Amino acid sequence: MDQIIQWAHGVNDAVNGFVWGPFMICLLTGVGIYLTVRLGFLQVFRFRYIFKNTIGKSFAKSAGAGNITSSQAGMASICAVLGNGNIAGVATAIAIGGPGAMFWMWVAAFFGMATKFAEITLGVYFREKRPDGTYAGGAMYYIEKGLHQKWLAVLFSIMVIAAYFIMGAVVNTNTICLAVETNLGVRPVVTGALMAVLTGIVILGGLKRIGEVCEYLTPIMADIYIAAGIAIVLFNVKEVPGAFAEMVRCAFTPVSAAGGFAGAGVMKIVSIGMSRGLFTNEAGMGSSPMIHSSAQVTHPVQQGMWGAVEVFLDTIVVATITGLAIVISGLWTSGITGAELTMRAFDLTLPGNIGSTIVMFSAFLFGYSCLVTSHCYCERAADYLFGAKSVIPVRILWLLFIVAGAGSGLDFIWSLADTANGVMAVPNLIALILLSPVVIRLTREYFGGVDKNRRAEKGGRRKRK
């Protein structure tokens, strides 16, 4: 059995080394840079408008065709990305690659804001209406309809199912169980069974119930973690500048072995930062459009704007809080990894040993929110491949994988998740490059109208004066 496990590790490491080698890093960043430039640095110059018309209009009613409101789709998708990649994933990245991994996560996130904007915009543009009135969309639809490559759409759908059963069900359950066991001593199998029951209550109600739950759950869990991050900054204000400087410095220089840290070369730092950045915000994976394609909007760009916000909140805000606590604490050289590292770091950077409790509670909320939303990706992919008859079996399998995740080994599961993510992203990134003219045309069309209305309003105010 041990030999089989070692063989599986070896095969996955070999595939992972290729998937997250120079080719993938160049493809991921190259697509992001290309879209950023062609869209006029939209994530910078349009960010105020984007934030105002997404988060700023939470709970607002939507106009246009769709099954759930624009806000519900946005919040559900944020729930899916605000999983435990922000707690355990960031911790493992820094434990393996050092503080510099955080810098490369930021780089991936900055360009990923344009990437995710593009894929959601395409998802809504190429979505299709079913006979029962529901809408279906995602990267497989714009790969098939836009590129006319059915085989590539099928390959993408297969990889979605493989990736999300691993990183959606298993990884999140594993992190929750470890956090609860560390804090409360509850056996992982008990926590896993409880998570399966709680998840089943929501997902068996379909996308509408998921959207309604996430619309309220997302602000609560994000606000708790952000408040903890603000507290960390305030209680450690003198160490904050040095921690950020260390993240930048280590991003470009090899980090020597120290304590339980094995050391890392620059290429390894870049690779782990980029791969974990993709894991946390999912920009370039083509997954989020599957939820967003059901949104009630009158123009694809209206929903595409949620993509930029998702990446910003996930990596630039939430993941940075985790990274900052770990670097300030100095525990990244201790040999500890995963949720335990984040919990201990929060304990050291917050008073009264309340940090681990906050992380445990956040891990539960982040993981649970991801469990109730990520299954939609497997469900949509299976529906594309096998039809509506596959929906119920996928939901049952999802709950079984949650239970299985309670007893999984952490290191191998994270490595397997990285591999699945990378393989899944390739066909989507190719599609984004080839379909970029469609995104650019839709963006100019939408913001051209916005700018025209602004000029008209300014002219009207001048006349009144």
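Here the working numbering is used: the first residue of the sequence shown is 9, the next is one more, and so on.
Each residue gets a CB set at the ideal place from its N, CA and C atoms; glycine is no exception.
Remember, it's a predicted structure, so these values are computed and weren't measured experimentally.
- Under DSSP, the beta-bridge partners assigned to Phe269 are Ala266.
- Judged by DSSP in its simplified three-state form, Glu254 adopts helix.
- No residue range can be given for Thr62, since it is assigned to no alpha helix (DSSP H) and is classified by DSSP as neither H nor E.
- Under the DSSP definition of a beta bridge, Ala303 partners with Ile76.
- Collapsing the DSSP output to three states places Glu290 in coil.
- In the three-state reduction of the DSSP assignment, Lys460 falls in the helix class.
- The beta carbon of Ile128 sits closer than 7 Å to those of Ser296, Pro297, His300, Gln311, Gly312, Trp314 and Gly315, all from its chain and outside the five residues before and after it, given in chain order.
- Taken through DSSP and simplified to helix, strand or coil, Ala371 comes out as helix.
- Per DSSP, the beta-bridge partners of Glu136 are Ala144.
- In the structure shown, Pro30 adopts helical secondary structure according to DSSP, grouped into three states.
- Less than 8 Å divides the Cβ of Met255 from the Cβ of Met110.
- Around Asn244, the same chain offers Ile336 and Thr357 as residues with beta carbons nearer than 7 Å, after the five sequence neighbours per side are excluded.
- Ranked by how close their Cα comes to the Cα of Gly93, the residues Val178, Phe26 and Ile448 have Val178 in first place.
- No residue range can be given for Trp340, since it is assigned to no alpha helix (DSSP H) and is classified by DSSP as neither H nor E.
- In the structure shown, Ile362 adopts coil according to DSSP, grouped into three states.
- Setting aside the 5 residues that flank it on each side, Tyr385 is surrounded in the same chain by Val168, Tyr172, Ser295 and Met298, each with a C-beta closer than 6 Å to its C-beta; the list follows chain order.
- With a beta-carbon spacing of about 6 Å, Ser85 and Glu318 fall inside the 8 Å limit used to define contacts.
- For the pair of segments examined, the stretch 182-200 was found to touch the stretch 361-370: the number of CB pairs separated by less than 8 Å reaches three.
- Going by DSSP, Met313 is part of the alpha helix (DSSP H) stretching over Pro308 to Val319.
- Assigned with DSSP and collapsed to three states, Lys246 falls in coil, not helix or strand.
- The criterion of a C-beta distance shorter than 8 Å is satisfied by Leu206 and Tyr376.
- The Cβ-Cβ distance between Gly108 and Ala259 falls below 8 Å.
- Linking Cys222 to Ser370 through their CA atoms gives a straight-line distance of about 15 Å.
- Under the DSSP assignment, Leu408 falls in the alpha helix (DSSP H) whose first and last residues are Val399 to Gly413.
- Judged by DSSP secondary structure, Thr323 falls outside any alpha helix (DSSP H); it is assigned neither H nor E.
- Pairing Ala389 with Ser78 gives a Cβ-Cβ distance that is not under 8 Å.
- Close CB contacts of Arg352 within its chain, under the 6 Å cut and outside five residues either way in sequence, are with Leu339 (chain order).
- Excluding the 5 residues flanking it on each side, Ile104 has same chain C-beta neighbours closer than 6 Å at Ile280, in chain order.
- The alpha-carbon of Asp140 is positioned some 18 Å away from that of Phe134.
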